[in-house]
Amino acid sequence: MMPATTYQVEDGHSVIPSTDTPLSGSLPSVAYPILHHREHATTTTARRHIMPYYLRKVNNGKKIGTQADIWGEWSERESKKNFAKRATTVLHQVGRHILDEYSGVPMKGENSTLGIVYETKSCNSMILLEAGNNTMEIDCTSALKESKSRDETAVALIAYQSLGRFLNESFFSNNEGIQKVKLNSLIVSGAIHSEVKPVLSEPVLLTLQNTQPIDPRAEHLCVHWEGSEEGGSWSTKGCSHMYTNDSYTICKCFQLSSFAVLMALSLEEDSVLSALSVITYVGLSLSLLCLFLAIVTFLLCQPIQNTSTTLHLQLSICLFLADLLFLTGINRTEPKVLCSLIAGMLHYLYLASFMWMFLEGLHLFLTVRNLKVANYSSSGRFKKRFMYPVGYGIPAFIVAVSAIAGHENYGTHTHCWLSIHRAFIWSFLGPVAAIILINLVFYFQTIWILRSKLSSLNKEVSTLQDTKMMTFKAIVHLFVLGCSWGIGLFMVIEFGKTVRLIIAYLFTIINILQGVLIFVVHCLLNRQVRMEYKKWFYKMQKGVENESTEMSYSTTHTKMEEAGCQQN
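Per the numbering used here, the very first residue in the sequence shown carries number 5; after that it's consecutive.
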């Protein structure tokens with residue numbers, strides 16, 4: 005086979021060879037043959053070694069994982085722009101190296117480690133290629149009119165089984181006013197290996213398998229990947245949608261590139277997302293107001309100043325800061341460094357919230373246990389000495405270790421939160437699950453002690469009454485915080501559409517109730533706080549009345565002076 009260049013046509017009929025040097029900040033160029041004895045690489049087994057070796061090179065010599073691992077690592081480590089540049093380079097280079105190994109015999113290949121399937125054929129007539137239940141039909145006769153050796157020209161179709169998780173709809177260049185879209189096919193690439201630049205006077209026909217059930221009311225967009233100085237994006241330019249049924253979508257494109265199908269969300273799905281967004285912003289705003297009032301109460305209400313109030317105060321401060329940062333920063337995905345910092349701070353603040361909830365459970369358990377032995381001092385000294393290092397130090401340690409082990413997993417292309425890639429989310433969910441379980445043990449033991457050991461005491465004893473109220477409040481904390489993030493745990497597990505929708509609503513609603521319930525349970529339901537509120541309102545009312553009286557007296561005095569002057 006004579007030397008040739010692999011071409012992928014972009015921007016209508018302009019042509020970009022895939023051997024171009026990668027853009028600044030992208031992958032290192034790999035322009036040499038992967039197998040030194042190419043003439044011996046005639047079997048499919050031999051060819052399967054090509055791509056792992058190649059990806060070890062472009063992944064800076066690190067041990068190869070699955071394709072999903074590699075794409076996932078790049079997507080979390082790089083900014084959106086740099087990840088798009090990497091994707092542009094890899095898509096071109098993969099096509100080139102597959103075609104470099106074409107020996108003139110039609111061949112289908114599969115690499116389960118990399119998650120790609122492909123087919124190569126000689127491009128000498130109307131050719132139909134199939135890869136991963138996706139097909140491409142191309143008229144090689146018209147595309148290669150100037151080629152002198154069509155029999156030695158190869159064409160390939162490559163399907164990426166995992167890439168769509170990362171090179172997804174968030175890269176869609178939306179110039180048509182479409183609100184929401186989602187990827188609904190595998191990403192497939194078409195490439196030609198020729199000594200001349202192909203000119204597509206006839207479009208290629210692509211039949212792409214749908215990856216999700218279609219909504220008959222939804223609009224389907226055929227897109228191709230368009231590399232640029234800004235990284236790259238999905239574009240509809242040069243592609244048009246022809247037909248869609250329950251299984252497949254047919255597209256017509258005037259370029260060879262990487263292709264996919266985007267499905268514009270139906271009005272129903274769009275309204276669901278809008279409803280969740282409204283609930284989140286309105287609910288968190290209400291939660292922030294309640295947390296602010298609770299913080300002011302805990303700071304200024306003298307009759308309730310004790311260890312329990314200190315614990316409630318610190319929990320409220322952590323939740324207030326976390327909710328405020330979530331409300332203002334969760335969608336600030338660019339620049340990448342800022343997004344990573346926001347994700348790290350959210351990780352820390354939510355962990356600190358749970359740690360203070362753990363300390364509340366420990367304080368309650370020690371209080372009830374010491375009721376039994378009539379000894380309070382030891383537990384009080386213990387908490388005052390250790391609660392701040394535990395409440396703020398342990399979360400800081402967890403976040404520091406997580407950042408050192410995988411700082412690139414802070415912040416994604418869509419949200420400034422922890423990546424679920426390689427189970428990094430468990431650096432948050434793991435400690436949370438442990439705290440919930442430990443607190444459950446504390447609360448069950450507390451209830452058991454209150455029921456079995458103190459049942460003979462006078463039920464009007466104030467200490468016992470206070471302890472029961474503390475138990476009730478602590479269980480409310482566990483229910484609200486524990487349920488919200490317990491439900492959040494299921495959001496990282498694959499479920500059906502309806503179940504995921506229910507989980508999303510429950511998580512959103514319960515999460516925003518945290519601040520409201522803290523204010524209601526610890527302030528409005530506390531008799532001492534209510535009495536203090538009455539005093540504050542009375543003083544405010546008295547102050548307003550005094551000010552009104554002074555203004556009235558001043559006005560009357562002024563009028564009398566004016567009347568006296570007129571008589572004189």
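All residues carry an ideal CB built from backbone N, CA and C; glycine is no exception.
Where DSSP assigns a beta bridge to Trp238, which residues make up the other side?
As a working mapping, residue 238 is identified with position 234 in the sequence shown. The partner list for Trp238 (beta bridge, DSSP) reads Phe176, Trp229.
Out of Leu444, Ala407, Leu319, point me to the one whose CA is closest to Ile429's CA.
On the sequence shown, position 425 is the one that residue 429 refers to. The residue with the shortest Cα to Cα distance from Ile429 is Ala407.
Does the beta-carbon distance from Val208 to Ile162 come in below 9 Å?
The residue labelled residue 208 in the question sits at position 204 within the sequence shown. The residue labelled residue 162 in the question sits at position 158 within the sequence shown. Contact flag unset, no.
In the DSSP output, which residue or residues are listed as bridge partners for Lys256?
Reading the sequence shown from its first residue, position 252 is the one you call residue 256. Bridge partners of Lys256: Leu209, Ser244.
Quick check on the burial criterion: 16 or more other C-beta atoms within 10 angstroms. Buried or exposed for Lys546?
Reading the sequence shown from its first residue, position 542 is the one you call residue 546. So Lys546 ends up on the exposed side.
Hey, out of Cys144, Arg169, Asn128, whose CA is closest to Ile74's CA?
Here residue 74 refers to the residue found at position 70 when the sequence shown is read from its first residue. Minimum Cα distance to Ile74 is reached at Arg169.
For a quick check, are the C-beta atoms of Thr512 and Gly287 less than 9 Å apart?
Within the sequence shown, numbered from 1, the residue matching residue 512 stands at position 508. Within the sequence shown, numbered from 1, the residue matching residue 287 stands at position 283. Contact flag set, yes.
Do Gly236 and Tyr89 come within 9 Å of each other at the CB atom, strictly closer than that value?
By 1-based counting over the sequence shown, the position of residue 89 is 85. By 1-based counting over the sequence shown, the position of residue 236 is 232. It should be pointed out that residue 89 corresponds to Lys in this sequence rather than to Tyr. Contact flag set, yes.
Would DSSP call Phe358 helix, strand or coil?
Counting from one through the sequence shown, the residue named residue 358 turns up at place 354. Helix at Phe358.
Suppose contacts are defined by Cβ-Cβ distances below 9 Å. Is Thr211 in contact with Met140 by that definition?
Position 207 of the sequence shown, counting from 1, holds the residue named residue 211. Position 136 of the sequence shown, counting from 1, holds the residue named residue 140. Going by C-beta atoms, Thr211 is nearer than 9 Å to Met140.
Check this for me: beta carbons of Val525 and Thr301, under 9 Å apart or not?
The sequence position of residue 525 within the sequence shown is 521, counting from 1. The sequence position of residue 301 within the sequence shown is 297, counting from 1. Against a cut-off of 9 Å, the Cβ pair of Thr301 and Val525 comes out as no contact.
So the candidates are Thr240, Asn214, Asn249; which of them puts its Cα closest to the Cα of Ser262?
Along the sequence shown, read from residue 1 onward, the residue named residue 262 stands at position 258. Nearest of Thr240, Asn214, Asn249 to Ser262, Cα basis: Thr240.
Return helix, strand or coil for Thr139, following the three-state DSSP convention.
Within the sequence shown, numbered from 1, the residue matching residue 139 stands at position 135. Note: Thr139 maps to strand in three-state DSSP.
Helix, strand or coil: how does DSSP classify Asn115 here?
Position 111 of the sequence shown, counting from 1, holds the residue named residue 115. DSSP places Asn115 in strand when its eight states are reduced to three.
Roughly how many angstroms separate the alpha carbons of Arg100 and Ala158, rounded to a whole number?
Locating residue 100 in the sequence shown gives position 96, counting from the first residue. Locating residue 158 in the sequence shown gives position 154, counting from the first residue. If I take the Cα positions, the gap works out to 10 Å.
I need the DSSP call for Ser431, collapsed to helix, strand or coil.
What you label residue 431 is simply residue 427 of the sequence shown in a count that begins at 1. Residue state, collapsed to three classes: helix.
For Trp360, tell me which candidate among Thr215, Gly434, Leu329, Ile321 has the shortest Cα-Cα distance.
Reading the sequence shown from its first residue, position 356 is the one you call residue 360. Answer by Cα proximity: Ile321.
Please go through the same chain and pick out, in chain order, the residues whose beta-carbon is closer than 8 Å to the beta-carbon of Asn138, but skip the five residues on each side of it.
What you label residue 138 is simply residue 134 of the sequence shown in a count that begins at 1. So the qualifying residues of the chain are Leu161, Ala163, Ser189, Leu190, Val192, Leu210, Thr211, Leu212, Gln213.
Mapping the DSSP letters down to three states, classify Ala587 as helix, strand or coil.
No answer is possible for residue 587: the residues shown for the chain start at 5 and end at 572.
Return yes when the Cβ of Val265 is within less than 9 Å of the Cβ of Thr284, no when it is not.
Looking up residue 284 in the sequence shown gives position 280. Looking up residue 265 in the sequence shown gives position 261. No, these two residues do not count as a Cβ contact at 9 Å.
Closer than 7 Å by C-beta to Leu325: which residues in its own chain qualify, once you throw out the five before and the five after it? Chain order, please.
As a working mapping, residue 325 is identified with position 321 in the sequence shown. Once the five neighbours on either side are set aside, the close Cβ partners of Leu325 are Leu353.
Using DSSP with H/G/I as helix, E/B as strand and the rest coil, what is Val109?
Indexing the sequence shown from 1 puts residue 109 at position 105. Here Val109 sits in coil by DSSP.
At the level of alpha carbons, what is the spacing between Leu303 and Ile514?
In the sequence shown, the residue the question calls residue 303 occupies position 299. In the sequence shown, the residue the question calls residue 514 occupies position 510. Distance between the alpha carbons of Leu303 and Ile514 is about 26 Å.
Kindly indicate which three-state DSSP category His197 falls into: helix, strand or coil?
For this step, residue 197 is matched to residue 193 along the sequence shown. Strand.
Considering only the alpha carbon of each residue, which of Ser116, Leu95, Asn128 lies closest to Val109?
Here residue 109 corresponds to residue number 105 of the sequence shown, with the count starting at 1. Cα-wise, what sits closest to Val109 is Asn128.
In the DSSP assignment, what residue or residues form a beta bridge with Lys125?
Sequence index remark: in the sequence shown, residue 125 carries index 121 (1-based). DSSP lists Val159 as partners of Lys125.
Check each candidate in Glu364, Glu536, Tyr396, Leu342 and name the one with the smallest Cα separation from Asn443.
Here residue 443 refers to the residue found at position 439 when the sequence shown is read from its first residue. Answer by Cα proximity: Glu364.
Quick one: grab the DSSP three-state call for Glu338.
For the purposes of this step, residue 338 is identified with residue 334 of the sequence shown, where counting begins at 1. Note: Glu338 maps to coil in three-state DSSP.
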